[in-house]
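Counting in the numbering used here, the sequence shown runs from 587 upward without gaps. Ideal Cβ placement from N, Cα and C applies to all residues, glycine included. Below is one structure, written out as structure tokens; comments come after it.
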Amino acid sequence: MSNIHPQAIVEPGAKIGKNVTIEPFAVVKQTVTLEDHVVIKSHAYIDGNTTIGEGTIIWPSASIGTKTQDLKFRGEKTLVVIGKRCEIREFVTINSSCQENSTVRIGDECLIMAYCHVAHNCEIGNRVVMSNSAMLAGHVVVEDCAIIGGMTPVHQFSRIGCYAMVGGFSRVPRDVPPYTVGGGFPYKFGGINIIGLKRHKFPLEVRVALSKAFKITYRSGLHLEEAIHQIQSQIEPHNEVKHWIEFCKNSKRGLLGL
Numbered sequence: 587m588s589n590i591h592p593q594a595i596v597e598p599g600a601k602i603g604k605n606v607t608i609e610p611f612a613v614v615k616q617t618v619t620l621e622d623h624v625v626i627k628s629h630a631y632i633d634g635n636t637t638i639g640e641g642t643i644i645w646p647s648a649s650i651g652t653k654t655q656d657l658k659f660r661g662e663k664t665l666v667v668i669g670k671r672c673e674i675r676e677f678v679t680i681n682s683s684c685q686e687n688s689t690v691r692i693g694d695e696c697l698i699m700a701y702c703h704v705a706h707n708c709e710i711g712n713r714v715v716m717s718n719s720a721m722l723a724g725h726v727v728v729e730d731c732a733i734i735g736g737m738t739p740v741h742q743f744s745r746i747g748c749y750a751m752v753g754g755f756s757r758v759p760r761d762v763p764p765y766t767v768g769g770g771f772p773y774k775f776g777g778i779n780i781i782g783l784k785r786h787k788f789p790l791e792v793r794v795a796l797s798k799a800f801k802i803t804y805r806s807g808l809h810l811e812e813a814i815h816q817i818q819s820q821i822e823p824h825n826e827v828k829h830w831i832e833f834c835k836n837s838k839r840g841l842l843g844l
């Protein structure tokens, strides 16, 4: 049985799982799917072709699945998919996507703090933290376990690599490589996110290898192609080092700091 308050508005057609809680004055539109154990707090507004995963909590006044702010939108069918056990805090806005059958996707166990914004065509991995008022423009990719500090805007089509930590009050106009820590405007790197990697139990040899890859990329004065070649020839090919190389090689907007 689900606990739906009589003063909540749940339109016919909405798919409601088991043990779902919907508090008073929340609005759930007819095309929404709420999986088991979801909690929708008072005054939250859930619209569009939105699926919210098991155990996720949507806090008061969040707005999920509403029409994209992209002026190219022409009414095509788009989707929002939010994973399991996320917390979407107060006044967060997660817009729908743009282009037929495209998706805004948020992974499992993410914490999106108050007043954050996620725009059209964004992809957010698992266990990502967005601090208060962080803002993602369209087509941004945030990989697993990244942390974005408060009041930080991320430019459209930019990427933030896994386990990266972006400081508050930064500006991110290009790609942030994985496993790094940095912040500010202009953006400056402090190196590899050693504390974060220790907390996630990365072994010492991987942390050392990533530190070497960072130094070759950012401190050697080599062009990126030369740096990548040197990393491939000199550093043990751990999976994390391979990911560093692929992230750098596939950067379309360019890497911050280069």
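Among residues of its own chain, excluding the 5 on either side of residue i, which ones have a beta-carbon nearer than 6 Å to its beta-carbon?
i: residue 767; result: 751, 776, 779
i: residue 641; result: 623, 670, 671
i: residue 745; result: 727, 761
i: residue 735; result: 717, 752, 753, 754
i: residue 619; result: 601, 637
i: residue 659; result: 684
Any idea what DSSP makes of residue i, helix, strand or coil?
i: residue 827; result: helix
i: residue 782; result: helix
i: residue 802; result: helix
i: residue 741; result: coil
i: residue 588; result: coil
i: residue 815; result: helix
i: residue 649; result: strand
i: residue 793; result: helix
i: residue 810; result: helix
i: residue 832; result: helix
How many whole angstroms separate the CB atoms of residue i and residue j, which I take to be in contact at a CB cut-off of 8 Å?
i: residue 757; j: residue 771; result: 4 Å
i: residue 738; j: residue 720; result: 5 Å
i: residue 835; j: residue 814; result: 6 Å
i: residue 648; j: residue 606; result: Between residue 606 and residue 648 the Cβ distance is about 16 Å, and since that is not below 8 Å, they are no contact.
i: residue 643; j: residue 632; result: Going by Cβ atoms, the distance from residue 643 to residue 632 rounds to 12 Å, so no, they are not a contact pair.
i: residue 666; j: residue 634; result: 6 Å
i: residue 599; j: residue 617; result: 7 Å
i: residue 763; j: residue 841; result: 6 Å
With a threshold of 7 Å on Cβ separation, who are the neighbours of residue i within its own chain once the five nearest residues in sequence on each side are excluded?
i: residue 821; result: 795, 798, 799, 827
i: residue 686; result: 662, 663
i: residue 806; result: 813
Using the C-alpha atoms, what's the distance from residue j back to residue i?
i: residue 603; j: residue 791; result: 45 Å
i: residue 692; j: residue 711; result: 6 Å
i: residue 601; j: residue 689; result: 19 Å
i: residue 801; j: residue 833; result: 16 Å
i: residue 747; j: residue 653; result: 28 Å
i: residue 674; j: residue 621; result: 15 Å
i: residue 789; j: residue 824; result: 11 Å
i: residue 656; j: residue 819; result: 44 Å
i: residue 787; j: residue 592; result: 47 Å
i: residue 589; j: residue 731; result: 32 Å
i: residue 630; j: residue 837; result: 37 Å
Considering only residues of the same chain and omitting the five flanking positions on each side of residue i, which have a CB-CB separation below 8 Å?
i: residue 594; result: 608, 609, 610, 611, 612, 613, 614, 626
i: residue 774; result: 768, 843
i: residue 804; result: 775, 843, 844
Please find out if some non-hydrogen atom of the ligand GTP comes closer than 7 Å to the beta-carbon of residue i.
i: residue 678; result: This structure lacks the ligand GTP; in fact it carries no ligand of any kind.
Report yes or no: do three or more beta-carbon pairs, one from the stretch 715 to 723 and one from the stretch 695 to 703, lie closer than 8 Å?
yes
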